[in-house]
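Visitor: The numbers in the sequence shown follow this note's numbering, run straight up by one, and end at 1102.
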Amino acid sequence: MKKINDYLPFYLGCEIRMNGGAVRKLTGIEFTENPGNGNNGIWLHDDTGNRNYFLSTFDIKLLLRPLSDMTVEESIELFKKLSLYDLNECVFDIIEDEDSFCINAELEGRVIDAMSISVNSDIVEMMNNDGPFLPVNPQSQAFYFFLSKHFDLFGLIEAGLAIDATTINK
933 MKKINDYLPF YLGCEIRMNG GAVRKLTGIE FTENPGNGNN GIWLHDDTGN
983 RNYFLSTFDI KLLLRPLSDM TVEESIELFK KLSLYDLNEC VFDIIEDEDS
1033 FCINAELEGR VIDAMSISVN SDIVEMMNND GPFLPVNPQS QAFYFFLSKH
1083 FDLFGLIEAG LAIDATTINK
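This is how it looks when you write it as structure tokens:
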């Protein structure tokens, strides 16, 4: 069973919704046990680093985006981070369908690199020298990028530990 405590450190800087409906930015966390009632809790830190709110971990939900919410601009930004080539002078051709999209980086009419993203299975693949797509390796840059944009990489929306940020009005 997934617990929110296991994922909060990955999402520092992300917004959370508290039980009362207030939205706060998660800038720091400090887990503690409350011996009085046995509930685990969390101190939320504000931008100055002061502890502001003590909450039961059952009282907060992360506001995350599904990968399908990635914009064209974000996908090109990710592509530039992952490519072994300098893509700054390239023109990008994007081919989309329901489950994935492919981006070709073209320079002087020739495709020099390509990236494929499957939004339902969170798979990012890059074209290798021989032409076929292979999973990104290492994936740390993609992982960091997705977390920095507050994408749900762990199925937390489906597990009820997060709210789909695209479905709410703040």
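Think of the CB as a built atom: it goes at the ideal place given N, C-alpha and C, for glycine as much as any other residue.
Quick caveat, the model's predicted, so the values are computed rather than measured.
Should Leu999 be labelled buried (16 or more other beta-carbon atoms within 10 Å of its own) or exposed?
Guide: Buried, because 16 or more other Cβ atoms sit within 10 Å of the Cβ of Leu999.
Visitor: Nearest to Leu1010 by CA position, among Leu995, Gly952, Met1047 and Glu1028, is which residue?
Guide: Among Leu995, Gly952, Met1047 and Glu1028, the Cα nearest to that of Leu1010 is on Met1047.
Visitor: Pull up the distance between the alpha-carbon of Asp1031 and that of Val1051, whole angstroms please.
Guide: Approximately 6 Å between the Cα atoms of the pair.
Visitor: In whole angstroms, what separates the C-alpha of Ala1097 from that of Leu995?
Guide: Computed Cα separation, rounded: 5 Å.
Visitor: Confirm, please, whether the CB-CB distance from Cys1022 to Glu1038 is below 8 Å.
Guide: For Glu1038 and Cys1022, yes; Cβs fall inside 8 Å.
Visitor: For Ile1049, which residues does DSSP report across the bridge?
Guide: Its beta-bridge partners are Phe1033 and Val1056.
Visitor: Using a threshold of 8 Å, state whether the C-beta atoms of Ile1095 and Arg949 are closer than that.
Guide: In this structure, Arg949 lies closer than 8 Å to Ile1095 by Cβ.
Visitor: Quick check on Ile1100: does DSSP put it in helix, strand or coil?
Guide: If DSSP states are grouped into helix, strand and coil, Ile1100 belongs with coil.
Visitor: Suppose you measure from the CA of Arg997 to the CA of Gly1041; what does that come to, to the nearest Å?
Guide: Rounded to the nearest angstrom, the two C-alpha atoms are 35 Å apart.
Visitor: For Glu1005, report the span of its alpha helix (DSSP H) as first-last.
Guide: Taken as a continuous stretch (DSSP letters only), the alpha helix (DSSP H) holding Glu1005 covers Val1004 to Leu1014.
Visitor: Nearest-angstrom Cα distance between Leu1016 and Phe963?
Guide: Cα to Cα, Leu1016 sits roughly 40 Å from Phe963.
Visitor: Looking at Thr1026: is its Cβ nearer than 8 Å to the Cβ of Val1004?
Guide: According to the sequence provided, residue 1026 is Ile. The question's Thr does not apply to it. In this structure, Val1004 lies closer than 8 Å to Ile1026 by Cβ.
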